[in-house]
Amino acid sequence: MLSELVDPKGRIPYDGLKAMLGQISLSEFTEQARHPFLVGKELYDGELRKKAGASSSTSTIRFTNTETDNHLENKQTRQAMDISENDEEASPSITHAIYMLRKRRFAPEDEENVFKIGRSQDNDIIIADYVISKHHAEIILFRNMYFILDSNSTNGTKVNGRPVTSQMKIQLQVNSVISFGRYAFVFAPPLQLFRAIRREIIET
Numbered sequence: 122m123l124s125e126l127v128d129p130k131g132r133i134p135y136d137g138l139k140a141m142l143g144q145i146s147l148s149e150f151t152e153q154a155r156h157p158f159l160v161g162k163e164l165y166d167g168e169l170r171k172k173a174g175a176s177s178s179t180s181t182i183r184f185t186n187t188e189t190d191n192h193l194e195n196k197q198t199r200q201a202m203d204i205s206e207n208d209e210e211a212s213p214s215i216t217h218a219i220y221m222l223r224k225r226r227f228a229p230e231d232e233e234n235v236f237k238i239g240r241s242q243d244n245d246i247i248i249a250d251y252v253i254s255k256h257h258a259e260i261i262l263f264r265n266m267y268f269i270l271d272s273n274s275t276n277g278t279k280v281n282g283r284p285v286t287s288q289m290k291i292q293l294q295v296n297s298v299i300s301f302g303r304y305a306f307v308f309a310p311p312l313q314l315f316r317a318i319r320r321e322i323i324e325t
């Protein structure tokens, strides 16, 4: 079961997902995966995009890179972002992560279609890095469409390079690139993720 792979942070181990998808059909997977996934852009670009046969449109967008983003100009900016001298590099474990949109246990019923993202343990997706605000952003499902809203985060949320505010929802399209601070994720549908990983299984 896919739900058994998801850890309390909403994250799915890649090797575990790969093993599972080698044993089940597409229909079985999509029955369990009702929403798109947040796939770390480095994992997506390095392992999945070509195998998925996805549009190359996301690869042409210039995103904020860890190497350029974290060489901050002064200590005041560094303190505002809450980054220590030893925490300048983005964590590879996050840049290669896969997060599943799902509600945490005991979440309020009236928030069923709201997926909260942030550093705090009361979020549905927990990204444990200090450039991520305790309550960073929300993805909202409304009439089978997905929208994203920033939660007044310190380091901001972007969709395809476009800043998201707390006053304006932006609709998410397939393969949209969502950036939370220095971390970028591809909004990948279950079908695409399934095909990419199955092709990797066949090639290996």
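Note that the sequence shown covers residues 122 to 325 in the working numbering. Heads up, the beta-carbon is just placed ideally off N, CA and C, and yes, glycines get one too.
**Request:** Following the continuous beta strand (DSSP E) through T151, name the residue where it begins and the one where it ends.
**Result:** As a working note, residue 151 is residue 30 in the sequence shown. It is not in any beta strand (DSSP E) - T151 instead sits in the alpha helix (DSSP H) that spans 147-153.
task = Please look up how many angstroms separate the CB atoms of I238 and A258, rounded, as I've assumed it's under 8 Å.
result = Start at 1 with the first residue of the sequence shown, and residue 238 comes out as number 117. Start at 1 with the first residue of the sequence shown, and residue 258 comes out as number 137. Yes, they are in contact, since the Cβ atoms of I238 and A258 sit about 5 Å apart, within 8 Å.
Supposed contact pair V252 and N276 - C-beta distance, whole angstroms, cut 8 Å = In the sequence shown, counting from the first residue as 1, residue 276 sits at position 155. In the sequence shown, counting from the first residue as 1, residue 252 sits at position 131. Correct: roughly 5 Å between the Cβ atoms.
- Message: What would DSSP say about P157, mapped onto helix, strand or coil?
- Response: Within the sequence shown, residue 157 is the residue found at index 36, counting from 1. The answer is coil: DSSP assigns P157 none of H, G, I, E or B.
### Message
Quick check on this structure: which residue in R319, I322, Q288, F236 has the alpha carbon closest to the alpha carbon of P157?
### Response
Residue mapping note: residue 157 aligns to position 36 of the sequence shown, counting from 1. Taking P157 as reference, the option from R319, I322, Q288, F236 with the minimal CA-CA separation is F236.
Whole-angstrom distance between M221 and I133, CA atom to CA atom
Looking up residue 133 in the sequence shown gives position 12. Looking up residue 221 in the sequence shown gives position 100. So the alpha carbons of these two residues sit roughly 7 Å apart.
- Task: Can you have a look at F301 and say buried or exposed, based on whether 16 or more other CB atoms are within 10 angstroms of its CB?
- Result: One-based indexing of the sequence shown puts residue 301 at position 180. With 16 or more Cβ atoms within 10 Å of its Cβ, F301 is classed as buried.
Sub-9 Å separation of M289 and L262 beta-carbons:
Sequence index remark: in the sequence shown, residue 289 carries index 168 (1-based). Sequence index remark: in the sequence shown, residue 262 carries index 141 (1-based). Taking the C-beta atoms as reference points, L262 is found no nearer than 9 Å to M289.
Since M221 sits in a beta bridge, which residues does DSSP pair it with? Counting from one through the sequence shown, the residue named residue 221 turns up at place 100. According to DSSP, which records beta bridges pairwise, M221 is partnered with F158.
Exercise for review: Would you grab the beta carbon distance between F150 and P311 for me? Rounded to a whole angstrom, and I think it's under 8 Å.
Suggested key: The sequence position of residue 150 within the sequence shown is 29, counting from 1. The sequence position of residue 311 within the sequence shown is 190, counting from 1. About 6 Å; that satisfies the 8 Å criterion.
Practice task
Would you mind giving the Cβ-Cβ distance between L293 and F268, rounded to the nearest angstrom? I have them listed as a contact below 8 Å.
Solution key: Residue mapping note: residue 293 aligns to position 172 of the sequence shown, counting from 1. Residue mapping note: residue 268 aligns to position 147 of the sequence shown, counting from 1. Between F268 and L293 the Cβ distance is about 7 Å, and since that is below 8 Å, they are a contact.
- Cβ neighbours of E188 in the same chain (closer than 7 Å, five flanking residues each side left out): Residue 188 sits at position 67 when you count from the first residue of the sequence shown. For E188, the predicted structure reports a pLDDT of 33, less than 50, and the residue's modelled location is therefore unreliable. The matter cannot be settled from this model.
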